[in-house]
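UniProt numbering applies: residue 1 is where the sequence shown begins, and numbers increase by one. The beta carbon of each residue, even a glycine, is placed where N, CA and C say it ideally should be. Reviewing the structure listed below.
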Amino acid sequence: MEALKEYTPLQENRKEEERREERVGGGAEGGGKGGAEGGEKENSRKVAQVAVVVGESRGARPEEGSSAPLHVSSPTSQGTADMTLGASCSRAPARMHTRLLKILGGMPLEPMLFLKMVAEGNYGVVADTLEQDRICRVNLNFSQEECDGWIHDANLSYVKVAVQHRQNLFNYNQSIMDSVLPLAVVLFAGSLSDRHGRKPPMLAVLAGFVVLAATYLVEALNPGWPVQVMYAGTLVVDMMGSWVVFNMAVYSYVADISTPETRTRRLAILDAVWYLGGPLGRLLGGWLYRLAGFAVVFAVSCALWLVCFLYTLLLVRETVDRAAPKPEVEQDLGDARWGPLRHVVALCRTTFKARPSHGRLYLLVIVVLKMAVFLVQGHLMYQWAQNVLRWGAAEYSTWSSVDSVVHQVGMVAWTWVAARAGLHDALVAAGGVVSIGLWSAILASITQPDLWWMAAVATVAGMLEPCMEPALRTLLTTEVGEGEAGRVLALMGLVEAAWFLADRSIYTFLYNAFFTVFPQINLVVQAGLCVPLLLAMLLLWRALRNRAASTYDLPHQE
1 MEALKEYTPL QENRKEEERR EERVGGGAEG GGKGGAEGGE KENSRKVAQV AVVVGESRGA
61 RPEEGSSAPL HVSSPTSQGT ADMTLGASCS RAPARMHTRL LKILGGMPLE PMLFLKMVAE
121 GNYGVVADTL EQDRICRVNL NFSQEECDGW IHDANLSYVK VAVQHRQNLF NYNQSIMDSV
181 LPLAVVLFAG SLSDRHGRKP PMLAVLAGFV VLAATYLVEA LNPGWPVQVM YAGTLVVDMM
241 GSWVVFNMAV YSYVADISTP ETRTRRLAIL DAVWYLGGPL GRLLGGWLYR LAGFAVVFAV
301 SCALWLVCFL YTLLLVRETV DRAAPKPEVE QDLGDARWGP LRHVVALCRT TFKARPSHGR
361 LYLLVIVVLK MAVFLVQGHL MYQWAQNVLR WGAAEYSTWS SVDSVVHQVG MVAWTWVAAR
421 AGLHDALVAA GGVVSIGLWS AILASITQPD LWWMAAVATV AGMLEPCMEP ALRTLLTTEV
481 GEGEAGRVLA LMGLVEAAWF LADRSIYTFL YNAFFTVFPQ INLVVQAGLC VPLLLAMLLL
541 WRALRNRAAS TYDLPHQE
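This is the structure:
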């Protein structure tokens with residue numbers, strides 16, 4: 001009874017506090033909460049203790065943060081604790097969903113890019129194996145035993161020479177398609193993306209990749225079809241713009257949502273997430289191939305690329321406001337007399353217009369250096385591994401997966417250190433050049449399968465190689481205005497596509513000429529070219545070091 005007497009005035013005090021909080025807009029919680037948020041801890045403690053005594057949990061649970069002891073043996077107190085746990089559990093999915101949305105809001109493209117690269121890695125090495133199988137059995141009419149054993153059997157060298165020569169020719173023809181057709185598309189895609197958005201080019205290319213995987217899937221299901229059928233998938237994805245248009249759209253998107261000061265790290269994180277999907281995809285492809293054969297591998301890639309398409313369509317927000325006026329775009333497009341070619345004219349005007357502080361000169365120099373980077377990256381590495389190390393698809397996919405993971409981790413670490421130390425982006429790129437030079441030189445020293453461990457050493461030595469790409473893209477986009485990113489990156493894609501054809505031609509010719517006597521020829525050339533490229537990077541750093549920031553302020557910018 002004494003407890004009830006004490007409980008009654010406390011109830012009255014509590015009701016008075018609730019009415020007072022309602023008058024000031026506080027809004028009290030009822031029932032299971034017991035007491036308004038922000039009430040005095042002492043009152044909450046007393047109410048809780050009295051509630052335990054009288055066996056009434058209703059309206060008497062202590063506030064969060066209260067030190068009021070609960071009677072552990074009281075069934076009503078245990079029920080209250082269960083209700084609290086249940087409420088927390090019911091709120092947990094909502095909190096997780098909110099946190100996930102926040103993460104995706106800061107990294108809108110990364111999930112899609114990761115899955116895209118998983119699909120690409122899954123498809124890549126196994127696609128080469130399917131091409132070799134069709135060339136060997138169908139096009140060259142070798143027996144199944146010869147086609148199964150030429151990688152490991154030195155007595156079947158005549159099969160190896162014939163298959164690799166024909167596959168190099170097939171891949172070279174694909175590279176021509178990969179260069180010429182996207183060239184025509186990217187001429188228009190850059191200015192169109194500046195006006196109408198970044199999503200349409202991404203969606204078009206992803207749809208093309210779905211068709212590419214479907215083509216290889218159909219080829220895998222028809223063992224008697226020749227290798228030329230696979231040109232159809234390449235044709236479709238190249239008509240959509242392939243990697244040239246896709247990269248232009250992705251990096252333009254990042255330029256839209258980042259600042260010059262944060263862009264290198266932002267691009268490094270994006271590239272790391274993007275390309276970390278490759279190792280996982282290669283491991284997945286090798287495992288699926290051993291387990292279920294060609295068809296399942298290409299079906300998985302087709303499904304993953306379809307998921308990427310739907311993710312981009314439904315979840316990625318557009319960064320370009322189509323309704324907003326864009327005077328700088330219209331000025332570069334010129335008048336309507338050029339017709340559709342005015343998009344091509346816009347690329348030229350954007351590239352060669354005068355810019356403060358010799359910005360035009362530096363822009364062109366960076367474009368040339370970006371092209372030169374192509375020459376020092378790996379070429380025909382799968383064929384080299386087959387020839388020198390006697391590796392098949394499984395061994396090569398394992399090494400290349402580990403190599404890629406280590407390189408992406410190294411890129412993120414190096415860009416983080418560079419940001420903390422305030423290093424110039426040209427020095428970040430120079431570090432990547434040194435690293436890829438060491439990678440090529442060490443791999444070129446491998447002359448027999450017993451030296452496989454040197455591939456692991458090369459992996460560690462080359463871990464800074466991916467830093468070249470984000471650093472040079474940052475230098476490129478900071479030399480131009482925000483509204484020009486799409487056109488400048490389209491120009492870069494245009495030049496890269498054209499140069500890609502020349503690059504593949506050079507290294508395909510070298511490998512075909514020397515692979516029977518010196519299969520390391522491509523790696524030796526790559527290592528040698530790193531020396532002048534490093535000197536060029538250092539000269540660029542010296543020229544830009546003391547120059548005032550030359551970001552070109554467009555008329556519509558503040």
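Assuming contact is defined by CB atoms lying nearer than 8 angstroms, are Trp305 and Leu113 in contact in what I supplied? no
Glu445 and Met454 closer than 8 angstroms at C-beta: In the sequence on display, residue 445 carries Ser and not Glu. Going by C-beta atoms, Ser445 is nearer than 8 angstroms to Met454.
Do Met411 and Asp271 have their beta-carbon atoms positioned less than 8 angstroms apart in this structure? yes
Assumed close pair Ala471, Thr234 - CB separation to whole angstroms, cut-off 8 angstroms: No, Ala471 and Thr234 are not in contact; Cβ-Cβ is about 31 angstroms, not under 8 angstroms.
I need the straight-line Cα distance from Lys160 to Leu380, nearest angstrom please. 15 angstroms
With DSSP as the reference, label residue 619 as helix, strand or coil. What is shown of the chain runs 1 to 558, which leaves residue 619 out entirely.
Pull up the distance between the alpha-carbon of Ala372 and that of Ser242, whole angstroms please. 21 angstroms
Tell me which residues share the same chain as Leu212 and place their Cβ nearer than 6 angstroms to its Cβ, disregarding the 5 neighbours each side in the sequence. Gly233 and Val237
Okay, do the segment 393-407 and the segment 278-295 touch, 3+ Cβ pairs below 8 angstroms being the bar? yes
Any chance you could list the alpha helix (DSSP H) runs of at least 4 consecutive residues sitting entirely within the segment 112-191, in chain order? 144-149
Could you check how far apart the C-beta atoms of Leu464 and Gly422 are, in whole angstroms? I think they sit under 8 angstroms. That belief does not hold up - the Cβ atoms of Leu464 and Gly422 are roughly 18 angstroms apart, past 8 angstroms.
Compute the Euclidean distance between the alpha carbons of Val229 and Leu534, then round it to the nearest angstrom. 42 angstroms
Give the range of the alpha helix (DSSP H) segment to which Ser401 is assigned. Ala393 to Ala421
Please say whether Ile151 and Gln386 have beta carbons closer to each other than 8 angstroms? yes
Nearest by alpha-carbon distance to Phe246: which of Asn171, Val186, Val227 and Arg504 is it? Val186
Since residue 563 is in the alpha helix (DSSP H), which residue starts that stretch and which ends it? The structure shown does not extend to residue 563, since the chain is modelled only from 1 through 558, so no value can be given for it.
Run through DSSP, which three-state label would Ser258 get? coil
Could you give the distance in angstroms between the alpha-carbon of Leu221 and the alpha-carbon of Gly293? 10 angstroms
For Trp384, I'd like the list of residues in its chain whose CB is within less than 6 angstroms of its CB, leaving aside the five on either flank, ordered along the chain. Pro519
Contact between the segment 140-158 and the segment 309-318: three or more CB pairs below 8 angstroms? no
Give the list of continuous alpha helix (DSSP H) stretches no shorter than 4 residues that lie fully inside the segment 197-282. 199-220, 231-239 and 242-257
According to DSSP, is Lys353 part of a helix, a strand, or is it coil? coil
Local conformation of Leu476 per DSSP, three classes: helix
Under 8 angstroms between the Cβ atoms of Asp178 and Leu375? no
Given Ile176 as reference, the closest of Tyr507, Gly208, Ala497 and Leu538 once Cα atoms are compared: Ala497
The ligand FMN heavy atoms versus the CB of Leu192: any closer than 7 angstroms? Looking for the ligand FMN in the displayed structure turns up nothing, as the structure carries no ligands at all.
When the distance is taken between beta carbons, is Ala426 closer than 8 angstroms to Leu540? yes
Cys348, buried or exposed, once every other Cβ within 10 Å from all chains shown has been counted against 16: exposed
Apart from the five residues just before and just after Val125, which ones in its own chain have a Cβ nearer than 8 angstroms to its Cβ? Arg282, Gly285, Gly286, Tyr382, Ala393, Tyr396, Ser397 and Ser400
Hey, Glu479 and Leu363: beta-carbon distance below 8 angstroms or not? yes
Given that a residue counts as buried once 16 or more other Cβ atoms are within 10 Å of its Cβ, and exposed if not, what is Trp391? buried
Starting from the C-beta of Val163, find all residues in its chain whose C-beta is less than 6 angstroms away, skip the five residues before and the five after it, and write them out in chain order. Gln132, Ile135 and Cys136
What does the alpha-carbon distance come out to for the pair Arg545 and His424? 8 angstroms
Could you tell me how far apart the beta carbons of Arg487 and Asp256 are, in whole angstroms, since I believe they sit closer than 8 angstroms? Contact flag wrong, Cβ pair sits at about 13 angstroms.
Can you give me the start and stop residues for the alpha helix (DSSP H) that Arg360 sits inside? Gly359 to Leu375
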